[in-house]
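Residue numbers (my numbering): 482 to 589.
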């Protein structure tokens, strides 16, 4: 899923330029990242994923096994997300993609 791959590439507050200015270093400009279009029918799953993105089950060697579903369900109830069964199915597509990318990155 493209949105999951897009998510894995960013999400970090980058203060590199600010730090470089303090140190008197010039950093060449990078090409700006393109926005990623999320279709309306996928937005609820993306929104839920962003709300639970810290709820990964992680093994001793750092492998990600998946989201903690009990935490996902409780979060969804807290935010009163409608059509939860359908949103959950879509969330699992995101989860599998992100999990694969995170585990692949961890093996480098």
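For every residue, glycine included, the Cβ atom is placed at its ideal position computed from N, Cα and C. If you're wondering where the values come from, they're calculated on a predicted model, not measured in any experiment.
| Asked | Found |
| --- | --- |
| Does the beta carbon of residue 516 sit closer than 9 angstroms to a beta carbon anywhere in chain C? | No chain C appears in the structure shown, which is made up of a single protein chain. |
| Opposite residue 548 in the DSSP bridges: which residues? | 537 |
| I believe residue 519 touches residue 484 by the beta-carbon criterion, under 8 angstroms. Please report the beta-carbon distance rounded to the nearest angstrom. | 6 angstroms |
| Is the separation between the beta-carbon of residue 525 and that of residue 562 shorter than 9 angstroms? | yes |
| So, is residue 571 buried or exposed, given that buried needs 16 or more other C-beta atoms within 10 angstroms? | buried |
| Leaving out five residues before and five after residue 496 in sequence, what residues of the same chain have Cβ atoms less than 8 angstroms from its Cβ? | none |
| Alpha carbon to alpha carbon, how far is residue 536 from residue 584? Give it in angstroms, no decimals. | 15 angstroms |
| Report the rounded CA-to-CA distance for residue 546 versus residue 568, giving the unit in angstroms. | 20 angstroms |
| Helix or strand or just coil, what does DSSP make of residue 523? | helix |
| Three-state secondary structure (DSSP) at residue 543? | coil |
| Terminal residues of the continuous alpha helix (DSSP H) containing residue 590? | Outside the displayed range of the chain (482 to 589) lies residue 590, so it cannot be described from this structure. |
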